[in-house]
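Working notes, beginning with the structure itself.
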Amino acid sequence: MLKMKSIPNKTIGSKTYLHVDFLPDLAPGEAGRIADEERLAKVRREQDFDLVRIDSTSACIALLNYPAFLHDP
1 MLKMKSIPNK TIGSKTYLHV DFLPDLAPGE AGRIADEERL AKVRREQDFD
51 LVRIDSTSAC IALLNYPAFL HDP
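Position one of the sequence shown corresponds to residue 1 (UniProt numbering), numbered consecutively onward.
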């Protein structure tokens, strides 16, 4: 179960979105899942993606790229 009360995020339905700046603040298990996905997809945070979407009802993690996210949400 994903617990991010102190980490800025947005939850819509079963999906939680968070910026890569806050990935180091995740619990080790969640951080490890995301790191595994990065390796599988052969992408690098901040260069290839800047937002992560985690689905609490499945094992789905999406690595999203919104280059202007911090300036034009």
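By construction, the Cβ of each residue, glycine as well, lies at the ideal position given by its N, Cα and C atoms.
Beyond the five residues adjoining it in sequence on each side, isoleucine 61 comes within less than 8 angstroms, by CB distance, of Arg33, Ile34, Glu37, Val52, Arg53, Ile54 and Asp55 in the same chain, given in chain order. Going by beta carbons, aspartate 21 and isoleucine 7 fall outside the 7 angstroms limit. The three-state reading of DSSP puts isoleucine 7 in coil, since its state is none of H, G, I, E or B. Leucine 64 sits in a strand when the DSSP states are folded into three classes.
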